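K.L.:
As you go down the protein sequences, you meet chains A and B in turn.
Each step along the first sequence adds one to the number in my numbering, with nothing skipped, and position 46 is 46.
Each step along the second sequence adds one to the number in my numbering, with nothing skipped, and position 40 is 153.
One structure follows; several queries about it will come next.
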Amino acid sequence: SQTIHQWPATLVQPVGSPLSLECTVEGTSNPNLYWYRQAAGRGLQLLFYSVGIGQISSEVPQNLSASRPQDRQFILSSKKLLLSDSGFYLCAWRGNGGVGELFFGEGSRLTVL
Amino acid sequence: KNQVEQSPQSLIILEGKNCTLQCNYTVSPFSNLRWYKQDTGRGPVSLTIMTFSENTKSNGRYTATLDADTKQSSLHITASQLSDSASYICVVSAGNKLVFGAGTILRVKS
Chain A
1 SQTIHQWPAT LVQPVGSPLS LECTVEGTSN PNLYWYRQAA GRGLQLLFYS
51 VGIGQISSEV PQNLSASRPQ DRQFILSSKK LLLSDSGFYL CAWRGNGGVG
101 ELFFGEGSRL TVL
Chain B
114 KNQVEQSPQS LIILEGKNCT LQCNYTVSPF SNLRWYKQDT GRGPVSLTIM
164 TFSENTKSNG RYTATLDADT KQSSLHITAS QLSDSASYIC VVSAGNKLVF
214 GAGTILRVKS
């Protein structure tokens with residue numbers, strides 16, 4: 001069966017520090033991968049998606065970047081965090097050519113101080 | 114513009130009572146509609162999926178309905194339990210594009 005792992009679960013970082021959130025998927029190949037951010041009381045905002053290794057699409061301009069070095073690995077990064085980067089980040093994958101069910105990871109809570 | 118609107122924004126009910134959550138959408142072309150349950154601090158988990166031809170689908174105490182003509186869906190929870198306390202998110206697929214509602218926060222009190 002397919003599983004998705006996301007870490008770290010909780011992160012407290014000072015302003016200006018770097019960020020790396022990692023996500024891996026097991027039990028499937030060539031998934032579409034996504035990074036979402038969820039602000040309190042608001043819907044999920046799509047940050048990045050990837051349809052293959054090295055292929056990254058950005059939905060909104062921001063202080064973050066994403067990379068997909070391997071088929072089932074998706075990384076969210078920042079060189080210098082801002083206070084506004086605080087939030088709940090969710091990695092997700094979708095099979096069936098990108099039209100199947102969306103499966104989410106457990107999320108990463110980032111607090112920037 | 115593709116949009117998904119959910120109501121109410123939040124809801125408090127007593128344990129054992131029923132409730133209905135609403136989802137209105139303007140998404141084209143419509144592929145399917147899913148209801149997700151998100152426990153606090155966790156990732157969302159799919160409850161049901163509705164395609165264009167389906168009117169009603171149940172998953173235990175959860176029953177989803179879809180009216181493709183009026184572009185409305187509802188999620189009915191029967192005999193609520195404390196564990197039903199969560200955010201419920203309506204997600205509409207337009208091909209490979211997903212449009213998310215802001216969610217309804219449900220709190221079940223004893």
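Backbone N, C-alpha and C fix where the C-beta goes; we use that ideal spot for every residue, glycine too.
Remember, it's a predicted structure, so these values are computed and weren't measured experimentally.
Hey, how far is the Cα of K210(B) from the Cα of E106(A)?
P.N.:
22 Å
K.L.:
The beta strand (DSSP E) with Q151(B) in it runs from where to where?
P.N.:
Its beta strand (DSSP E) spans residues N145 to Q151.
K.L.:
Could you list the residues in the segment 183 to 214 of chain B with a C-beta less than 8 Å from some C-beta on chain A, going in chain order?
P.N.:
Near chain A, meaning a CB-to-CB distance below 8 Å, the residues of the segment 183 to 214 of chain B are I202, V204, S206, G208, N209, L211, F213 and G214.
K.L.:
Only counting the same chain, and skipping five residues up and downstream in sequence, which positions put a Cβ closer than 7 Å to that of K79(A)?
P.N.:
In chain order, P18 place their CB closer than 7 Å to the CB of K79(A), counting only its own chain and leaving out the 5 sequence neighbours on each side.
K.L.:
Can you name, in chain order, every residue of its own chain whose Cβ lies under 7 Å from the Cβ of V158(B), other than the five neighbours on each side?
P.N.:
Taken in chain order, the residues that qualify are Y149 and K150.
K.L.:
May I ask you to list, following chain order, the residues of the segment 154 to 174 of chain B that have a beta carbon less than 9 Å from some beta carbon of chain A?
P.N.:
G154, R155, G156, P157, V158, S159 and I162
K.L.:
Looking only at its own chain, which residues have a Cβ that is under 7 Å from the Cβ of V46(A), when we skip the five neighbours before and after it?
P.N.:
Looking at the sequence provided, one finds Leu at residue 46(A) rather than Val. Short of 7 Å from the beta carbon of L46(A), and not among the five residues preceding or following it, lie these beta carbons of its own chain, in chain order: Y34, Y36 and E59.
K.L.:
Only counting the same chain, and skipping five residues up and downstream in sequence, which positions put a Cβ closer than 6 Å to that of Y138(B)?
P.N.:
V117, K184 and V205
K.L.:
Using beta carbons (cut-off 8 Å, strictly below), is R72(A) in contact with chain B?
P.N.:
no
K.L.:
In chain order, what residues of the same chain have a beta carbon less than 7 Å from the beta carbon of S1(A), not counting five sequence neighbours either side?
P.N.:
G27
K.L.:
Counting along the chain, where does the beta strand (DSSP E) carrying A177(B) start and finish?
P.N.:
Y175 to D180
K.L.:
Short of 8 Å Cβ to Cβ, which residues in the segment 35 to 67 of chain A face chain B?
P.N.:
Residues are counted here when their Cβ sits less than 8 Å from a Cβ of chain B; for the segment 35 to 67 of chain A these are G41, R42, G43, L44 and L46, given in chain order.
K.L.:
If the cut is a Cβ gap below 9 Å, which residues of chain B does E106(A) touch?
P.N.:
G154, R155 and G156
K.L.:
Can you name the start and end residues of the beta strand (DSSP E) that N172(B) belongs to?
P.N.:
T169 to N172
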